[in-house]
Amino acid sequence: MAIIIIVVAILIVFKGIVIVQQGYEYTVERLGRYIRTLRPGFHILIPFIDAIGARVNMMERVVEVPSQEVITKDNAVVKVDGVLFFQVIDAAKASYEVNALEHASINLTMTNIRTVLGSMDLDESLSKRDTINASLLHVVDAATSPWGIKVTRIEIKDISPPKDLVESMARQMKAERDKRAAILDAEGSRQSEILKAEGQKRALILEAEGEKEAAFRQAEARERLAQAEAEATRVVSEAIAAGNMQAVNYFVATKYVEALQQIGSADNQKVMFLPMEMSSLLGSIGGISELIKDTLSSDKLEKN
């Protein structure tokens, strides 16, 4: 009897000892009613009065959301699947507020996927994954809060339009690319014409400036020539006024030579008659040196 009593006592003691593993929490029921939650570590219960109700995994879980067909706002049918991340933060609520926690979370997520995508066009559903994920997270997390869980992320894995719709989108994309290429080509041609016109304008400006500069220099040369002729005329006039006949001969000879030059340069002049008395012309030209000597001598006397 003593041995039996000892064995029964040992069994009763072991019945009241509970060790909770890290990452889990246990609910305790006394006579079928929840009283408290056991956290990781060593605990003692009242044998046959207290019992473990549920062993709850407190680690974050990853649950696959099955693929389903969804009709978008513009009546396009697409297949959508995803991933749900959640973590139990209240073991009692997760155990007693909902039955089949994962199944309920998955179905709630699928329902909200249909709601969110049904309010969006196909183009928006394909291009705004972040917006869809954020909307789903906000709605599902608020709905599952009474169950004692925290939804950390909801990710849409794949959105698959029908094959014919994919082909139509591909043609539309190709047409859009061709349109952009044509616009860029036209813009390039337009820019080329503008640059060409700017170059021609610049060339005309430079040509006009060159002609202006050439005209200015020609006018300056004519002015200097006129000044030289005026000075020569003044010297000859002074010499004539002084009674120097060589100056008269020089003046006459110069005009004579100029007249001969004009006659000889005429296009329709083929035959030219020269006067017989060339000696008088030579003598007139010979007076040029005498006139220059007299002019130079008078300049030296004035300087002295």
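In my numbering, the protein residues as written are 39 to 342.
The C-beta atom is built at its ideal place from N, Cα and C for all residues, glycine as well.
In terms of alpha-carbon separation, which member of the options lies closest to residue i?
i, options, result
"I84", "R68, T75, M97", "R68"
"N95", "R228, A264, Q125", "Q125"
"V121", "A130, S143, A129", "S143"
"D383", "R167, G156, I187", "With the chain covering only 39 through 342, there is no way to say anything about residue 383."
"D196", "V108, F80, V58", "V108"
"W185", "E140, I44, I50", "E140"
"I187", "G237, V136, K234, L233", "V136"
"S163", "Q256, Q229, P199", "P199"
"A92", "K234, T271, T75, A219", "T75"
"Y30", "A172, V154, Y72", "No statement about residue 30 is possible, as the shown extent of the chain runs from 39 to 342 and does not include it."
Since residue i and residue j are thought to touch, with beta carbons under 8 Å apart, how far apart are those beta carbons, to the nearest angstrom?
i, j, result
"R77", "E63", "6 Å"
"I194", "R167", "6 Å"
"V103", "D88", "Between D88 and V103 the Cβ distance is about 38 Å, and since that is not below 8 Å, they are no contact."
"T147", "L174", "7 Å"
"I44", "I82", "Contact flag wrong, Cβ pair sits at about 19 Å."
"I48", "F80", "At roughly 17 Å, the Cβ-Cβ gap does not stay under 8 Å, so I48 and F80 are not in contact."
"V100", "F86", "At roughly 39 Å, the Cβ-Cβ gap does not stay under 8 Å, so V100 and F86 are not in contact."
Under a three-way DSSP split, which group does residue i fall into?
i, result
"N137", "coil"
"K111", "coil"
"I57", "strand"
"M314", "For M314, the pLDDT reaches just 48, beneath the cut-off of 50, and the residue's location in the model is therefore unreliable, although a value from the coordinates is still provided. In this structure, M314 counts as coil in the three-state DSSP scheme."
"S227", "helix"
"E67", "strand"
"E102", "strand"
"L76", "strand"
"F86", "coil"
"D161", "helix"
Can you say whether residue i is buried or exposed, counting buried as having 16 or more other CB atoms within 10 angstroms of its CB?
i, result
"T182", "buried"
"F52", "exposed"
"L160", "buried"
"A266", "exposed"
"D25", "This structure does not reach residue 25, given that the chain is present from 39 up to 342, and the question cannot be answered."
"G70", "exposed"
"T65", "buried"
"A132", "buried"
"I170", "buried"
"T110", "buried"
"V115", "exposed"
"I42", "exposed"
"V177", "buried"
"S227", "exposed"
"G248", "exposed"
"G237", "exposed"
"G61", "exposed"
"V189", "buried"
"M158", "buried"
"V154", "buried"
"I221", "exposed"
"I151", "buried"
Within the region 165 to 219, ranges of the alpha helix (DSSP H) (whole runs, at least 4 residues): Listed in chain order, the complete alpha helix (DSSP H) runs (minimum 4 residues) inside the region 165 to 219 are 167 to 182.
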